[in-house]
Every structure is written in C-alpha cells, then in structure tokens.
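For what it's worth, the working numbering labels the leading residue of the sequence shown as 196, then goes sequentially. Remarks on the structure that follows.
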Amino acid sequence: MASDPLPAAAADAAPGDINTRLLDAASAADVAEAERMLRAGRLVAVPTETVYGLAADAARANAVRGIFAAKRRPTGHPLIVHLASADRLSAWAIDIPPAARVLADAFWPGPLTMLLHKSPRVPADVTGGRVSVGLRVPDHPVLMRLLERLDTGLAAPSANPHKQLSPTTAAHVMAGLRGRIDAVLDGGPCRVGLESTIVDLTGPRPRIVRAGPIDREQLQSTLGVDVDVPEAHSVVVPGNMRVHYRPATLLQVLERDELVQRLHALDHTARIAVVSYGDRLRRVPAGVRRQVCMPADKADYARELYDVLHRLDHDTLEAIWLQSPPTDEAWRDVHDRLQRASAQ
Ligand code: TXA
Ligand code: MG
C-alpha cells in the first residue's frame with residue numbers, strides 16, 4: 196500500500212485537541228465531507244446497524260494506526276474490515292472456504308463478521324500481525340453508500356475508548372472520543388445495538404469467537420454442520436477480555452430473588468439504579484434513585500442495553516443492579532456483554 200501523510204488524529208496531534216465535527220447522515224453535503232475525510236486518511240466514526248464504528252481506510256497503514264491512538268487500544272488487537280459487498284471478499288481474503296460464501300449469502304449485509312485468511316494486501320496493523328482478517332458487510336444504508344463510493348474497506352472497531360462501553364448513538368461517541376477523532380457521522384441510534392457475531396472460518400470447523408445477534412442455531416442450520424462455541428472467552432480474540440464493555444459505575448447482575456432481598460435491606464441514603472426485566476418493581480425504596488424497565492423482547496432489549504448503561508453511568512450512582520434476563524440460547528450475546536460489563 197502507498198504510504199500516506201499521518202492522519203490528523205494520529206501521533207502528531209496531542210490527545211484531545213482535535214476539533215471533532217458532528218456530521219449529519221441525512222445531509223448529502225455532510226456525507227460527502229465524511230467521504231472526503233476518509234479519503235484523506237482521517238478518522239470518522241460511522242453508524243452501523245450494530246454499534247458505531249471508528250472508521251479509517253483499511254488499506255492505509257497510517258490511517259489505521261490513528262484508530263489505535265485515538266481509542267488508546269493496544270496495537271495487537273485486530274480490527275474488523277467493513278466491505279461494500281461480498282464481491283469484495285477476494286480483495287481482502289485468500290483461500291476462502293465455501294462456507295464463507297454460504298454465510299455471506301445468508302447474513303450479509305448484517306451483523307456477522309467472518310475470520311478468513313488475510314490477503315497480503317491487508318496491512319499488518321489491521322490484523323495485529325495475525326494471518327486472519329475479520330470481514331463484514333454492514334447493514335446500514337449510509338455506511339453502505341460510503342463504502343461503495345470509497346471503493347476500499349473501512350477498518351472500524353467500536354467507536355469507544357478502549358475497555359469502555361460501545362456507542363449506539365453519536366452522542367455516546369462524542370462523550371468518549373471528542374477531541375481525538377476528526378468527525379462523527381450521526382445516523383441516529385443503531386438498530387441492533389450489540390456488536391456482530393464473529394465466526395472463525397480458518398479452522399477445520401466453524402467456531403464462534405464472539406457471541407452476537409446471529410446465534411449458533413442460525414449458523415448451524417444455514418451451514419448444515421456443527422458450529423463450535425467455546426464456553427470460556429476465547430483468547431484467540433484479543434479484545435475478548437473478561438473486563439470489557441464496562442460502564443464506570445459498578446454493575447451487578449442479579450437474579451430476581453436476590454434483587455428483591457437487597458432492596459428490602461437497602462438504606463435510604465443509598466444511590467442505586469435498578470434495571471428490571473419485563474415488568475417494573477412494585478415497591479421501590481428511597482435508596483433507588485433510578486429505575487429502568489427493560490423490554491421483554493430480546494431484540495428490543497439488545498437495542499436499548501448500551502444506551503441504558505451509558506445514561507445511568509452519567510448519574511453518579513453507587514451501583515447499577517440489573518435483573519438477569521432469560522438465559523436461553525438467543526440471549527447468549529446479551530449475557531456475554533453483561534458478564535464482561537459486570538466483571539471486577
Ligand atoms: O459489530 C461490530 O462488530 C462492530 C461494528 C463497528 O462493526 N465492531 C466491533 O469491533 O465490535 P471491535 O474492534 O470493537 O471488536 C472486534 C473484535 C475484537 O475483539 C478483535 O480482537 C476481534 O474482533 N478480531 C478482529 N479481527 C480479528 C482477527 N483477525 N482474529 C481474531 N480476532 C479478531
Ligand atoms: Mg469494541
């Protein structure tokens with residue numbers, strides 16, 4: 196790849212001193228500005244259907260390095276490359292197995308990332324020196340148009356400072372990265388709200404390395420083969436640490452009985468937020484300063500979760516007590532994120 200001038204958000208800029216522009220995805224002029232910035236190797240947070248991504252041209256190593264600097268993300272953590280369509284797969288991956296085409300047909304555009312053997316064209320900075328690359332075609336009309344016009348891949352991790360909660364609105368991105376990136380393209384709240392499923396197709400059997408909106412059942416029935424799901428968090432995915440996606444406020448996930456017991460014993464001077472599931476609590480003691488009732492439907496729950504945690508995190512509370520939602524397979528991604536957000 197050609198070498199480029201350093202992007203504005205890279206090492207030559209002191210942290211926090213960039214004038215981060217808020218661009219409107221509904222404005223053709225603003226989308227054109229985002230496109231110009233990305234062409235110039237700059238960092239633009241973009242909406243996807245899952246969470247906002249911090250995007251840069253994946254073919255330009257310098258631009259990609261800017262992402263790590265802005266997020267303060269360790270350089271070994273590989274980035275997902277977003278493509279305009281599955282037709283671009285062979286530009287970024289080699290030895291593509293038939294299963295990849297099958298999954299692309301079934302789930303792209305959509306919240307599925309595939310790990311494939313990387314093409315030599317992919318800068319090592321993108322993959323943290325790995326032989327595999329994560330690829331996904333996102334299901335968002337504005338991002339899709341940008342990708343088509345740019346005619347390159349966009350490397351984009353979630354647009355949050357390292358180890359903090361992923362953003363599902365432009366305001367979340369601004370709260371975390373204002374001053375460290377060139378722009379945020381505001382496309383409204385993300386429709387899915389949790390990060391994509393990641394499936395590794397480089398081994399003998401497909402393996403889920405991050406649970407997500409597309410679950411094991413869907414992958415197995417589409418592929419007609421077993422798909423592995425490691426019980427513990429995989430070290431294959433370096434970002435897959437136990438503590439991750441964390442609000443600053445202590446988050447505790449509790450079964451309903453335990454929640455009720457704790458509420459009985461709660462001091463009136465306490466500052467607790469309660470996030471209940473399905474229906475609101477009837478008797479709320481004075482120490483509960485906020486109560487949020489989450490939707491019963493899984494997709495609705497996933498869409499709202501990060502926004503609820505972001506909002507409660509602003510409220511200087513002692514703790515967030517969250518009632519555990521159902522534990523069936525379809526909720527695996529929600530529990531995965533809750534587990535990490537509540538890990539000490
Ligand atoms: O929904 C999503 O996937 C969002 C949107 C913006 O597309 N992106 C996202 O990116 O969540 P990020 O970087 O926050 O999480 C991607 C995870 C990281 O844990 C990273 O280590 C892993 O994917 N990953 C990416 N490429 C990989 C590779 N080649 N091998 C192993 N893990 C990889
Ligand atoms: Mg992330």
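We treat Cβ as the ideally placed atom computed from N, Cα and C, and that holds for glycine.
Closer than 6 Å to some heavy atom of the ligand MG: that describes the Cβ of S353. Shortest gap from the CB of R325 to any heavy atom of the ligand TXA: under 6 Å.
Residue state for S361 is assigned as coil, using DSSP reduced to three classes. A Cβ-Cβ distance of about 6 Å is found for the pair E390 and V246, placing them in contact under the 8 Å criterion. DSSP places H335 outside any beta strand (DSSP E), giving it a letter other than H or E.
Residue pairing of H509 in beta bridges, as defined by DSSP: absent, with no partner found. According to the DSSP assignment, I467 belongs to the beta strand (DSSP E) that extends over I467 to Y472. If you draw a straight line from the Cα of D462 to the Cα of D528, it comes to about 34 Å. Beta-bridge analysis with DSSP links L349 to D252 and H277.
For Q486, the enclosing beta strand (DSSP E) begins and ends at V483 to M489. Rounded to whole angstroms, D421 and V328 show a C-alpha spacing of 22 Å.
Leaving aside the five residues that flank T270 on each side, the residues in its chain whose CB is nearer than 6 Å to its CB run, in chain order, F263. Counting other Cβ atoms within 10 Å of its Cβ, H509 stays below 16 and is therefore classed as exposed. Boundaries for L233: no beta strand (DSSP E) harbours it, while the alpha helix (DSSP H) harbouring it runs A223 to R234, taken from the DSSP string. Nearest Cα to L218 within the set R231, D212 and G236: R231. DSSP places H463 in the coil class of the three-state scheme, outside both helix and strand. Here A220 is near L380, since their CB atoms are less than 7 Å apart.
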